[in-house]
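What follows is a single structure, written as structure tokens, with notes after it.
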């Protein structure tokens with residue numbers, strides 16, 4: 199996995215290359231970003247502008263839609279709920295994941311293979327299949343309409359990917375380091391804390407980001423678990439806002455663009471990790 | 437060197453201390469995983485044998501009746517057909533386009549990293565946001581038709597979402613937009629792992645650009661393509677969010693975009709037939725599992741060493 203960054207191809211000469219490539223790239227980027235730009239600009243228009251000319255630019259620019267959303271309690275409550283759910287999911291996935299991965303990577307015991315297979319098999323279990331029983335389970339635990347009711351299943355469903363990514367990191371630590379640490383009277387747990395954790399930080403970051411974005415965007419699970427508007431996360435909020443204000447397209451667009459910003463900021467901060475994590479995870 | 441080396445016994449067998457560590461470290465993950473993944477999946481299989489409205493303990497055991505109903509239910513079969521189409525079309529549409537784009541971007545391009553970030557944006561945006569935006573753009577009086585009219589192609593304007601002849605193609609367009617960035621990034625990463633010496637050697641031997649791509653890049657990219665195809669197939673089989681968000685209002689089944697997962701949710705949660713909905717979930721799971729295992733067995737064998745089925 200470490201190879202992929204170092205193997206990045208560098209142009210040897212400083213030329214600009216083929217202009218057709220730039221044209222095609224520009225077109226591609228335009229197609230990809232077009233809808234996003236439409237959503238953002240749409241929020242700066244009025245409904246009559248949208249009705250009269252659905253594809254036009256804002257004229258004049260209307261800031262009221264964004265101002266309304268930014269001053270609404272609903273929006274900020276949903277931002278808070280999404281943030282709490284995503285952070286708790288991330289912490290849970292990473293902490294539980296790295297502990298289990300450490301055991302899988304560095305302990306020899308009977309049932310180790312079975313344990314790895316169990317988690318790996320989890321990759322094949324989509325949350326869709328389990329959603330009704332999950333809802334019932336969460337209901338029996340009294341967690342419906344609470345964020346922990348969303349967080350716990352998200353942690354559980356995030357574990358397989360996390361473990362698959364982290365086990366190789368922990369296995370890659372040479373046995374000699376562990377033996378040297380043992381000679382220096384460092385217990386296995388001490389080794390975990392002082393050596394294994396710091397050495398697997400890149401893996402922890404990747405899995406953490408995947409968990410965070412997955413949680414931030416997740417829809418099906420919150421749809422089942424959260425029925426009370428007060429506990430809505432942003433995806434549910436966007437949808438309910440869109441159906442509630444279905445005639446007020448401009449405001450829906452403003453709400454939608456604002457709810458997209460955190461994920462985009464987060465993504466652009468960590469894009470290298472995300473892309474690397476995805477490609478690395480897939481290649482094993 | 438004042439400390440003695442660890443005793444032999446401790447190294448060989450598993451001491452109590454070590455067992456305790458194993459339990460303490462992996463226990464929480466196993467507990468959460470068993471409770472919230474394995475147990476619900478098993479319960480789905482169990483509920484699938486009952487006619488059950490979702491209240492209390494299911495008592496009306498109907499054996500395989502739900503499954504018989506599913507296989508005769510034209511709405512389910514339509515959903516299954518849509519899933520099949522989406523699987524095939526995703527591979528056929530996204531694969532070649534993504535490979536082409538990756539080849540294009542794999543050349544000398546200034547600002548390649550920025551381009552990569554930008555084409556990845558749709559993949560990172562939440563399904564809800566993509567769905568809301570696209571449904572506004574594609575509706576009869578939306579932006580897509582607006583653009584068509586403003587460039588004098590008003591005759592092509594359509595109700596892209598509600599017209600059953602077009603809805604599935606609109607869905608494919610949205611899916612391509614949403615997921616092609618992922619494929620391109622994956623393929624680019626694959627290409628950039630191919631040692632440059634190979635293309636250089638080919639160039640020395642007088643191979644043209646296309647010969648090099650066809651004989652060297654594409655064959656060496658094959659493992660990446662196979663993994664992408666696997667992820668794409670599984671994703672297409674389990675497609676839910678986008679369809680449910682966009683077509684929930686039009687009822688996906690009449691628009692011709694229903695999938696097994698949306699069918700499951702409309703039957704199970706919205707219509708209250710929880711037993712039946714769970715049976716649908718089991719069918720969805722079994723189909724995905726069979727396809728995944730066959731794919732692993734016959735296509736991925738060379739690539740993964742069974743990473744997904746728990747090897748190593």
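Residue numbers (the working numbering), protein chains in the order written: chain A, 199 to 482; chain B, 437 to 748. The beta carbon of each residue, even a glycine, is placed where N, CA and C say it ideally should be. These numbers were taken from a predicted model, which means no experiment stands behind them.
Whose C-alpha, out of 653(B), 698(B) and 725(B), is nearest the C-alpha of residue 540(B)?
The residue given as residue 540(B) occupies position 104 in the second chain. Checking every option, the nearest Cα to that of residue 540(B) belongs to 653(B).
For a test of your reading of the model: does the CB of residue 664(B) fall under 7 Å from any non-hydrogen atom of the ligand PLP? Yes or no.
The ligand PLP is not part of the structure shown, which contains no ligands of any sort.
Mind checking the region 328–357 of chain A against chain B and listing, in chain order, the residues whose C-beta falls within less than 7 Å of any C-beta there?
Sequence-ordered contacts of the region 328–357 of chain A with chain B read 328, 330, 331, 332, 335, 350, 351, 353, 354, 355 and 357 [C-beta pairs closer than 7 Å].
In three-state terms, what does DSSP make of residue 487(B)?
Position 51 of the second chain holds residue 487(B). Strand, per DSSP.
So who's on the other strand from residue 497(B), going by DSSP bridges?
Stepping through the second chain from its first residue, residue 497(B) is reached at position 61. For residue 497(B), DSSP records a beta bridge to 486(B).
Of the residues 627(B), 475(B), 462(B) and 691(B), the one placed nearest residue 336(A), counting alpha carbons only
Reading the first chain from its first residue, position 138 is the one you call residue 336(A). The option with the nearest alpha carbon to residue 336(A) is 475(B).
Entirely within the region 539–565 of chain B and at least 4 residues each: give me those alpha helix (DSSP H) ranges in chain order.
For the region 539–565 of chain B, whole alpha helix (DSSP H) runs of length 4 or above, ordered along the chain, are 548–560.
To be precise: take each residue of the region 712–727 of chain B, compare its Cβ to all Cβ atoms of chain A, and keep it if any distance is under 8 Å. Which residues remain?
713, 714, 717, 718, 720, 721, 724 and 725
Using the C-alpha atoms, what's the distance from residue 467(B) back to residue 349(A)?
Working through the first chain from its first residue, we reach residue 349(A) at position 151. Working through the second chain from its first residue, we reach residue 467(B) at position 31. Residue 349(A) and residue 467(B): Cα-Cα distance of roughly 15 Å.
Comparing C-alpha positions only, which one of 365(A), 417(A), 306(A) and 406(A) sits nearest to residue 298(A)?
Walking along the first chain from the start, residue 298(A) turns up at place 100. Comparing Cα-Cα distances from residue 298(A) to each of 365(A), 417(A), 306(A) and 406(A), the minimum goes to 365(A).
From residue 361(A) to residue 611(B), what does the alpha carbon distance come to, in whole angstroms?
As a position in the first chain, residue 361(A) is number 163, starting the count at 1. As a position in the second chain, residue 611(B) is number 175, starting the count at 1. Approximately 29 Å between the Cα atoms of the pair.
Is residue 259(A) helix, strand or coil by DSSP?
Start at 1 with the first residue of the first chain, and residue 259(A) comes out as number 61. Residue 259(A) falls in the coil class under three-state DSSP.
Using the beta-carbon of each residue, which ones in chain B are nearer than 9 Å to residue 297(A)?
One-based indexing of the first chain puts residue 297(A) at position 99. Simply 460, 461, 462, 463, 464 and 465.
Looking at chain A, is there any beta carbon in it that lies within less than 8 Å of the beta carbon of residue 501(B)?
Within the second chain, the letter at position 65 stands for residue 501(B). No, residue 501(B) does not count as interfacial toward chain A.
CB residue 342(A) to CB residue 423(A), shorter than 8 Å?
Translated into positions along the first chain, residue 342(A) becomes position 144. Translated into positions along the first chain, residue 423(A) becomes position 225. Yes, these two residues count as a Cβ contact at 8 Å.
Report the rounded CA-to-CA distance for residue 669(B) versus residue 374(A), giving the unit in angstroms.
The sequence position of residue 669(B) within the second chain is 233, counting from 1. The sequence position of residue 374(A) within the first chain is 176, counting from 1. Near 43 Å, if we compare the C-alpha coordinates of residue 374(A) and residue 669(B).
Counting only runs that start and end within the region 383–417 of chain A, where is the alpha helix (DSSP H) found for 4 or more residues in a row?
386–389 and 399–415
Touch test, the region 637–650 of chain B against the region 658–666 of chain B, Cβ-Cβ under 8 Å, three pairs minimum:
Verdict: no, contact absent.
What is the DSSP secondary structure of residue 575(B), reduced to helix, strand or coil?
The residue given as residue 575(B) occupies position 139 in the second chain. Note: residue 575(B) maps to coil in three-state DSSP.
Rounding to the nearest angstrom, what Cα-Cα distance links residue 447(A) and residue 247(A) in this structure?
In the first chain, counting from the first residue as 1, residue 447(A) sits at position 249. In the first chain, counting from the first residue as 1, residue 247(A) sits at position 49. Going from the Cα of residue 447(A) to the Cα of residue 247(A) covers about 10 Å.
Going by C-alpha to C-alpha distance, which of 329(A), 238(A), 231(A) and 466(A) sits closest to residue 815(B)?
Coverage of chain B is limited to positions 437 through 748, which leaves residue 815(B) absent and any answer about it impossible.
Where does residue 503(A) land, buried or exposed, given buried means 16+ other C-beta within 10 angstroms?
The requested residue 503(A) does not occur in the structure, where chain A is confined to residues 199 to 482.
To the nearest angstrom, how far is it from the Cα of residue 420(A) to the Cα of residue 430(A)?
Walking along the first chain from the start, residue 420(A) turns up at place 222. Walking along the first chain from the start, residue 430(A) turns up at place 232. Rounded to whole angstroms, residue 420(A) to residue 430(A) spans 8 Å at the Cα level.
Would you say residue 454(B) lies against chain A (beta-carbon separation less than 8 Å)?
The sequence position of residue 454(B) within the second chain is 18, counting from 1. Interface residue, yes.
Answer yes or no: do residue 713(B) and residue 487(B) have a C-beta to C-beta separation smaller than 8 Å?
For the purposes of this step, residue 713(B) is identified with residue 277 of the second chain, where counting begins at 1. For the purposes of this step, residue 487(B) is identified with residue 51 of the second chain, where counting begins at 1. Cβ atoms of residue 713(B) and residue 487(B): not closer than 8 Å.
Anything in chain B within Cβ reach of residue 469(A), meaning under 9 Å, just list it in chain order.
What you label residue 469(A) is simply residue 271 of the first chain in a count that begins at 1. Within chain B, the residues near residue 469(A) are 549, 552, 553, 556 and 560.
At the level of alpha carbons, what is the spacing between residue 535(B) and residue 623(B)?
Working through the second chain from its first residue, we reach residue 535(B) at position 99. Working through the second chain from its first residue, we reach residue 623(B) at position 187. If you take the alpha carbons of residue 535(B) and residue 623(B), they lie about 7 Å apart.
Give a yes or no on whether 8 Å exceeds the smallest Cβ distance from residue 399(A) to chain B.
For this step, residue 399(A) is matched to residue 201 along the first chain. No - not a single Cβ of chain B is within 8 Å of the one on residue 399(A).
Residue 681(B) vs residue 427(A) beta-carbon contact at 8 Å
Residue mapping note: residue 681(B) aligns to position 245 of the second chain, counting from 1. Residue mapping note: residue 427(A) aligns to position 229 of the first chain, counting from 1. No. Outside cutoff.
Rounded to whole angstroms, what is the Cα-Cα separation between residue 707(B) and residue 278(A)?
Along the second chain, read from residue 1 onward, the residue named residue 707(B) stands at position 271. Along the first chain, read from residue 1 onward, the residue named residue 278(A) stands at position 80. When rounded, the distance between both Cα atoms is 32 Å.
Considering only the beta carbon of each residue, do residue 281(A) and residue 435(A) sit closer than 8 Å?
Locating residue 281(A) in the first chain gives position 83, where the first residue counts as 1. Locating residue 435(A) in the first chain gives position 237, where the first residue counts as 1. No, they are not a contact pair.
Would you say the region 258–267 of chain A touches the region 447–456 of chain A, given that touching needs at least three Cβ pairs under 8 Å?
yes
Could you name the residues of the region 241–275 of chain A whose beta carbon sits closer than 8 Å to any beta carbon of chain B, in the order they occur along the chain?
249, 251, 252, 253 and 254
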